[in-house]
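K.L.:
Number of protein chains: 2
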Amino acid sequence: MLYSSIDNNKIKDLKKLHNKKYRDKKNMFLVEGKHLVLEAYKTGYLKEMLLEENELLPLDVMTYYMTNNVKNYLSELETPTNVIGICNKKEGVIKGNRIVYLDCIQDPGNLGTIIRSCVAFNIDTLILSRDCVDLYNSKVIRATQGLIFHLNIVISDINEFGPKLKSDGYKIYGTKVTHGKSLKTLEKVSKFVIIMGNEGNGISELSSEFCDEFIYIDMNDKCESLNVGVATSIILYELDK
Amino acid sequence: MLYSSIDNNKIKDLKKLHNKKYRDKKNMFLVEGKHLVLEAYKTGYLKEMLLEENELLPLDVMTYYMTNNVKNYLSELETPTNVIGICNKKEGVIKGNRIVYLDCIQDPGNLGTIIRSCVAFNIDTLILSRDCVDLYNSKVIRATQGLIFHLNIVISDINEFGPKLKSDGYKIYGTKVTHGKSLKTLEKVSKFVIIMGNEGNGISELSSEFCDEFIYIDMNDKCESLNVGVATSIILYELDK
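Respectively, the protein sequence lines represent chains G and U.
The first sequence begins at 1 in this note's numbering and counts up one residue at a time.
The second sequence begins at 242 in this note's numbering and counts up one residue at a time.
(1) How about Gly285 (chain U): is its C-beta nearer than 8 angstroms to some C-beta of chain G?
(2) Among U:Gly333, U:Val341, U:Gln347 and U:Glu296, which one has its Cα closest to the Cα of Ile325 (chain U)?
(3) If we count the other Cβ atoms within 10 Å of its Cβ and call it buried at 16 or more, is Asp348 (chain U) buried or exposed?
(4) Under 6 angstroms Cβ to Cβ from Leu477 (chain U), same chain only, skipping five residues before and after it: list those, please.
(5) If you drop the 5 nearest sequence neighbours on each side, which residues of the same chain put their C-beta closer than 6 angstroms to that of Tyr101 (chain G)?
(6) To the nearest whole angstrom, what separates the beta carbons of Thr125 (chain G) and Val154 (chain G), a pair I think is in contact under 8 angstroms?
(7) Looking at the C-beta of Ser423 (chain U), does it have a partner C-beta in chain G at a distance below 8 angstroms?
(8) If you draw a straight line from the alpha carbon of Ala231 (chain G) to that of Leu186 (chain G), how long is it in whole angstroms?
(9) Please classify Val324 (chain U): does DSSP put it in a helix, a strand, or coil?
(10) Whether or not the region 169-183 of chain G and the region 200-215 of chain G are in contact is what I'm after, with contact meaning three or more pairs of Cβ atoms, one per stretch, closer than 8 angstroms; do they touch?
(11) For Asn198 (chain G), which residues of its own chain have a beta-carbon under 7 angstroms away from its beta-carbon, when the five flanking residues on both sides are left out?
(12) What are the start and end residues of the alpha helix (DSSP H) that includes Gly92 (chain G)?
(13) Whose Cβ in chain G lies nearer than 7 angstroms to the Cβ of Ala281 (chain U)?
(14) Should Phe210 (chain G) be flagged as near chain U, meaning a C-beta pair shorter than 8 angstroms?
(15) What residues in its chain sit with their C-beta under 7 angstroms from that of Ser423 (chain U), if we drop five residues either side in the sequence?
(16) With 16 other CB atoms within 10 Å as the buried threshold, where does Val374 (chain U) fall?
(17) Considering Cα atoms alone, identify which of G:Glu78, G:Ile86, G:Gly169 and G:Asn19 is closest to Leu46 (chain G).
(18) Do Ile123 (chain G) and Arg98 (chain G) have their C-beta atoms closer together than 8 angstroms?
(19) Report the rounded CA-to-CA distance for Asn110 (chain G) versus Leu291 (chain U), giving the unit in angstroms.
(20) Return no unless some Cβ of chain G is closer than 8 angstroms to the Cβ of Leu225 (chain U).
(21) Answer yes or no: do Ile399 (chain U) and Ser448 (chain U) have a C-beta to C-beta separation smaller than 8 angstroms?
(22) Quick one, are the C-beta atoms of Lys89 (chain G) and Met28 (chain G) less than 8 angstroms apart?
(23) Going along the chain, which residues of its own chain have a beta-carbon closer than 6 angstroms to the beta-carbon of Asn152 (chain G), five neighbours each way excluded?
(24) Let me confirm a value: Arg371 (chain U) is counted as buried when at least 16 other C-beta atoms fall within 10 Å, else exposed. Which label applies?
(25) Skipping 5 residues on each side, what residues in its chain have a beta carbon closer than 7 angstroms to that of Leu147 (chain G)?
(26) Within the region 118-157 of chain G, note down every full alpha helix (DSSP H) run reaching 4 residues or more, in order along the chain.
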């Protein structure tokens, strides 16, 4: 099947997936480019794909073809790639001993970087508060470099999951720029939740109430704070030692 | 003095500073917003400023005023701020024991993040290869959150400074994704150069030739590499302990 018109209903519906509301409604999202499509395929996220006519990508999945104008219409990239994957969302469940909770992270690049570092440093579950930037935003997905498909991710607020984790013996660490315990002197615990806060405002009052301890990263006074993606990655590196 | 027309020659010249060529020619660059202007002022970079008419920012520097249309013309931001600083470039000199060399870093956000982390973790000199993204690119400056004014930065290629640093006893570390020595087991040395490579291609062959040792960051196999800003920051955090 070759799609050649942007007036086609299927193509118009796919275009709507650039919009969070429609992604939520359909439980689907798009990825662009061979690398992301292959990662989605390998991990069972890929439902269908749209390939530019005359291209070859032999995957065991429903494949449609598209003309150049349809590709340009659907792409969010300056230089559109010749394959677009249509993926099913999959929500994880909270599991494992090593958990990160992101409290209202807004920058897609930061969320992507953090997902990459969570995979690198063996985090079992990443929990996103409901007011984080949308996980299926195309900028987030690109910034993860495909690692979004390799991490167990849950969307939930701390008042929903916090009490259970506390009673299950997880130690909950908040992060502040200067208060609490230095990361360097932190004793290792087997079950933890690390809470990272919003780019401008840090962690919320609600999250603070759940914290057993606060940690900070030692640094030169001239620097008020690190980028939140960097701070998260340094903490995860240290806790993975 | 109030500038109200975008046809004014001074305003047209300032607009040209969005362009690297013109910044290089004039040895000047622009910054936007009160925070960056104040940091530029405190550190002696600020030459003049353009303030929106009826705004007040009492600094001991030549101050001009601009109307709203001039502000919108000069700004690179979606929401223009009401002050634009005109700064002199200042080139540093290589000094101190703790040096970072960036070999062809291309992303403005990455360079900004790395500058921030260099200040946080007490780097004495940051050297940028001549093919790095321009230091005075407005996206770089914004990503540094003003810390560009607090770091000694030099622009030079490794064949120019490498031989001297080697003979002065600096240990030169390259970074590779998997080869070399784990960062965790690295013994501390007092004088070092850390080389970080391009986002896609890693460090150049020329840089490799200067390396005494390669280091990598231990991570899960599923993750091919970390974001270069994150990787740099983790290494600097570890070396600052």
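Yeah, the Cβ is synthetic: ideal placement off N, Cα and C, and Gly gets one too.
P.N.:
So, to answer that:
(1) no
(2) U:Glu296
(3) buried
(4) Ser358 and Phe362
(5) Ile127, Val193 and Ile195
(6) 6 angstroms
(7) no
(8) 15 angstroms
(9) strand
(10) yes
(11) Asp103, Cys104, Ile105 and Gln106
(12) First-last for Gly92 (chain G): undefined, no H or E at that position.
(13) Neighbours of Ala281 (chain U) on chain G: none; closest Cβ ~15 angstroms, over 7 angstroms.
(14) no
(15) Tyr457 and Asp459
(16) buried
(17) G:Ile86
(18) yes
(19) 32 angstroms
(20) The displayed coordinates of chain U run from 242 to 482. Any statement about residue 225 (chain U) would go beyond what the structure contains.
(21) yes
(22) yes
(23) Gly92 and Thr125
(24) exposed
(25) Ile115, Arg116 and Val119
(26) 138-144
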